[in-house]
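Peer 1: Heads up: the sequence lines are chains A and B, in that order.
The C-terminal position of the first sequence is numbered 243 in the working numbering, with every residue numbered one higher than the one before it.
The C-terminal position of the second sequence is numbered 1262 in the working numbering, with every residue numbered one higher than the one before it.
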Amino acid sequence: MNAERNVQSGAKRNAEGAAAGAAAGAAVGVQIIDYGAGNLGSVVRAVEALGHTPRVVREAAEVASCERVIFPGVGHAGQAMRSLREKGLDDALRVHVRLGKPLLGICVGMQVLGLHSEEDDTPCLGLLPFCLRKFRTSEPVPHMGWNSLNPVLANPASQAAFAGLPAGVDAYFVHSYFAPLDDASRAVALATTTYGGETFVSAVAQGALWGMQFHVEKSGRAGLALIANFLKHSESALSLGGT
Amino acid sequence: MHKRRIIPCLDIRDGKVTKGIAFQNNVDLGDPVPLAQGYADDGADEIVIYDITASVEKRPPDFATINDIARRVFVPITIGGGIQTFEDASRCIHSGAEKVSLNSIAPRKPELLTAIASHFGVQAVVLSIDVARDATAPSGWRLFTHGGRTATELDAIDWVTRALPYGVGEICINSIDEDGKKAGYDLPLLAAVRKVANVPLIISGGAGTVGHMVDAFRAGADAALTASIVHLGLQSLQDIKREIAAQGIAMRQQISMSSVLA
């Protein structure tokens, strides 16, 4: 009944998004991996709002033709790894990353980039040097809600990732397992966050491989800016890498 | 630092946002999609949408509207009203909601909480309770359902204790006594629920000033649901949050649109 009004405001929003998309380089494709993760739709909508038309990829064979991959995730690391292995997506994604192609893992999609998760004693993809532990605190678990991101300036990607964002900007978290900040994880930490007395790695980056523990697709304008920054950085990574 | 949340609540009747006083006398405030988008742009930490007549009319929530809102709102969305089955909840989440809020159905079918929590995670389940003072209830608080219209046999605090193990990520406490009166949230009710529940608590019903929200946060609320203050355009959310932050309560500050377009 209000379709006309909605279309108009949608068109205006898309025009805003298209401006951001053009700046980030809409010519290079964006692919989103679908392996049954609950927030796939939200990730698609966020990327669309930035003026891109993402392609949803379900088969391992399709990954070889992927350019910039967004890898969402909700639920359990064990369940996510099982789904990836069943479809052969685990090796396909390892190859994608080893070729230096860009990938952004979100929430459980970041967690499984690491070595191991305490959740169901799960071996992960082993692409980055961190492990996942469960929060043990008197604060409510899962850690749910808005919390500050403290950029790790020593990470070479930090300038690109946090371009236009104030220090300590808030993002929306929902998780029970976290990557502790230690000597190994520090080398790839892009941001840290503190909850229940634990300072943990809330974002990672090594080359074109990025991960965000929070729900970047539900983190308001800051989240959209982080996604836009990933897309912009990943485009330059692709042109430099010459893949 | 972990932030307290301000959550505008859109009550929807016949596709329009409505605002009631003491759960009655509703006034039409317009189309939910631009209102939700406006609140998100103004710094809402989440958006809650209640279809207030769905459960009375025994129909599911309006999934198309949820989808429209989710295309424009990039903060968490909670849907309440009319969720009778796991499929209803699942469709809400696939239409773009992060959480579903269960009220009338929960005492009749508590296993629905478990079904949703085990599939989508406990954070996706909000237990919503409509409560009024009642000296005949053992704790002094009685549970109501159906938009506050139906008194149950249940003691509200006892119900919370029994509902938690089924899988509850948050509890939204709606005070029937204080709703729409703008005299402050029901803090004794908040304290009574806090005693039995170590999950985030959202307080609803009664805010008339920013001071009332500050009082609720100091009393242990994790989030404040607000309708009157923002719907009536008395103050912008960003101003409200700045005022609360000035009282020493951590609030998320909205960043400018230019950050997204940088």
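Idealized CB from N, CA, C, for every residue including glycine.
Could you tell me whether any Cβ in chain B is nearer than 8 Å to the Cβ of Met-110 of chain A?
Peer 2: Cβ-Cβ to chain B under 8 Å: no for Met-110 of chain A.
Peer 1: On the DSSP letters alone, give me the boundaries of the beta strand (DSSP E) that Pro-1008 of chain B sits inside.
Peer 2: 1005–1013 is the span of the beta strand (DSSP E), which, as asked, contains Pro-1008 of chain B.
Peer 1: Rounded to a whole number of angstroms, what is the C-alpha to C-alpha distance between Pro-1008 of chain B and His-76 of chain A?
Peer 2: Straight-line Cα distance between these residues: approximately 30 Å.
Peer 1: Is it buried or exposed, Gly-220 of chain A, if we count other Cβ atoms within 10 angstroms and call 16 or more buried?
Peer 2: By the neighbour-count rule (16 or more Cβ atoms within 10 Å), Gly-220 of chain A is buried.
Peer 1: Could you tell me how far apart the beta carbons of Lys-1003 of chain B and Arg-1242 of chain B are, in whole angstroms, since I believe they sit closer than 8 Å?
Peer 2: Incorrect: roughly 13 Å between the Cβ atoms, too far for contact.
Peer 1: Considering only residues of the same chain and omitting the five flanking positions on each side of Ala-1044 of chain B, which have a CB-CB separation below 7 Å?
Peer 2: If we look at Ala-1044 of chain B and ignore the five residues flanking it on each side, its Cβ neighbours are Ile-1006, Ile-1007, Pro-1008, Val-1075, Leu-1237.
Peer 1: Our contact map puts Met-110 of chain A next to Gln-213 of chain A with C-beta atoms below 8 Å; I'd like the distance itself, whole angstroms only.
Peer 2: The Cβ separation is near 5 Å, so the contact holds.
Peer 1: Does DSSP put Leu-125 of chain A in a helix, a strand or coil?
Peer 2: It is coil, neither helix nor strand.
Peer 1: Indicate the three-state DSSP secondary structure (helix, strand or coil) for Gln-79 of chain A in the structure shown.
Peer 2: DSSP places Gln-79 of chain A in helix when its eight states are reduced to three.
Peer 1: Give me the Cβ distance between Thr-1136 of chain B and Thr-1145 of chain B, rounded to the nearest whole Å; I'm assuming they're in contact under 8 Å.
Peer 2: So it is not a contact: roughly 17 Å between Cβ atoms.
Peer 1: Taking Cβ positions only, does Ala-1070 of chain B come closer than 8 Å to chain A?
Peer 2: Closer than 8 Å to some Cβ of chain A, the Cβ of Ala-1070 of chain B qualifies, so yes.
Peer 1: How big is the Cα-Cα spacing for Lys-12 of chain A and Val-1125 of chain B?
Peer 2: In this predicted model, Lys-12 of chain A has a pLDDT of only 42, less than 50, meaning its place in the structure is not dependable; the value taken from the coordinates is given anyway. Going by the C-alpha atoms only, they are around 34 Å apart.
Peer 1: For Gly-109 of chain A, which of helix, strand or coil comes out of DSSP?
Peer 2: Here Gly-109 of chain A sits in helix by DSSP.
Peer 1: How long is the line joining the alpha carbons of Glu-118 of chain A and Arg-1133 of chain B, rounded to whole angstroms?
Peer 2: Using only the alpha carbons, I get a separation of about 45 Å.
Peer 1: Would Pro-1032 of chain B and Ile-1049 of chain B be called neighbours here (beta carbons separated by less than 8 Å)?
Peer 2: Against a cut-off of 8 Å, the Cβ pair of Ile-1049 of chain B and Pro-1032 of chain B comes out as a contact.
Peer 1: Kindly list the residues whose CB is nearer than 8 Å to the CB of Tyr-172 of chain A, restricted to its own chain and excluding five residues on each side of it in sequence; keep chain order.
Peer 2: Taken in chain order, the residues that qualify are Gly-145, Trp-146, Phe-214, His-215, Lys-218, Ser-219, Gly-220, Gly-223.
Peer 1: By the DSSP assignment, the alpha helix (DSSP H) with Ser-1095 of chain B in it spans what residues?
Peer 2: Counting along the chain, Ser-1095 of chain B falls outside any alpha helix (DSSP H), and DSSP gives it neither H nor E.
Peer 1: For Gly-25 of chain A, which residues in the same chain have their Cβ closer than 6 Å to its Cβ, ignoring the five residues on either side in sequence?
Peer 2: For Gly-25 of chain A, the pLDDT reaches just 44, beneath the cut-off of 50, and the residue's location in the model is therefore unreliable, leaving the point undetermined.
Peer 1: Counting only runs that start and end within the segment 1133–1216 of chain B, where is the beta strand (DSSP E) found for 3 or more residues in a row?
Peer 2: Correct list: 1141–1145, 1150–1155, 1170–1175, 1201–1204.
Peer 1: Using a Cβ-Cβ cut-off of less than 7 Å, list which residues of the segment 141–167 of chain A approach chain B; keep chain order.
Peer 2: So the list reads Pro-142, Met-144, Gly-145, Trp-146, Asn-147, Ser-148, Ala-163, Gly-164, Leu-165, Pro-166, given in the order they occur along the chain.
Peer 1: Hey, could you find the ends of the beta strand (DSSP E) Arg-45 of chain A is sitting in?
Peer 2: Run containing Arg-45 of chain A: none in the beta strand (DSSP E); it sits in the alpha helix (DSSP H), 40–49.
Peer 1: Here's the rule: buried if 16 or more other CB atoms are within 10 angstroms of the residue's CB, otherwise exposed. What is Lys-1195 of chain B?
Peer 2: The residue in question, Lys-1195 of chain B, is exposed, as its Cβ has fewer than 16 Cβ neighbours within 10 Å.
Peer 1: Pair every Cβ in the segment 180–193 of chain A with every Cβ in the segment 125–142 of chain A, then say whether three or more of these pairs are closer than 8 Å.
Peer 2: Cβ pair count under 8 Å is three or more, so yes.
Peer 1: Among B:Val-1260, B:Ala-1245, B:Asp-1239, B:Ser-1259, whose alpha-carbon lies nearest the alpha-carbon of Tyr-1039 of chain B?
Peer 2: Among B:Val-1260, B:Ala-1245, B:Asp-1239, B:Ser-1259, the Cα nearest to that of Tyr-1039 of chain B belongs to B:Asp-1239.
Peer 1: From Lys-1182 of chain B to Ala-1227 of chain B, what does the alpha carbon distance come to, in whole angstroms?
Peer 2: About 10 Å.
Peer 1: In angstroms, rounded to a whole number, what distance separates the CA positions of His-175 of chain A and Ile-1171 of chain B?
Peer 2: For His-175 of chain A and Ile-1171 of chain B, the distance between alpha carbons rounds to 18 Å.
Peer 1: Within 8 Å of any Cβ in chain A, is that where the Cβ of Lys-1098 of chain B sits?
Peer 2: Reading the sequence as shown, one finds Glu at residue 1098 of chain B and not Lys. Interface residue, yes.
Peer 1: With H, G and I counted as helix, E and B as strand and the rest as coil, what does DSSP make of Ala-60 of chain A?
Peer 2: Of the three classes helix, strand and coil, the one that applies to Ala-60 of chain A here is helix, per DSSP.
Peer 1: So, under 8 Å CB-CB, Thr-192 of chain A and Val-201 of chain A are touching, yes? Tell me the CB distance rounded to an integer number of Å.
Peer 2: Yes, Thr-192 of chain A and Val-201 of chain A are in contact; Cβ-Cβ is about 6 Å, under 8 Å.
Peer 1: Expressed to the nearest angstrom, what Euclidean distance is found between the alpha-carbon atoms of Leu-115 of chain A and Gly-1080 of chain B?
Peer 2: If I take the Cα positions, the gap works out to 39 Å.
Peer 1: What residues are listed by DSSP as bridge partners for Asn-147 of chain A?
Peer 2: Paired residue(s): A:Ala-171.
Peer 1: Would you say Arg-136 of chain A lies against chain B (beta-carbon separation less than 8 Å)?
Peer 2: Not an interface residue.
Peer 1: According to DSSP, is Glu-86 of chain A helix, strand or coil?
Peer 2: The answer is helix: DSSP assigns Glu-86 of chain A an H, G or I state.
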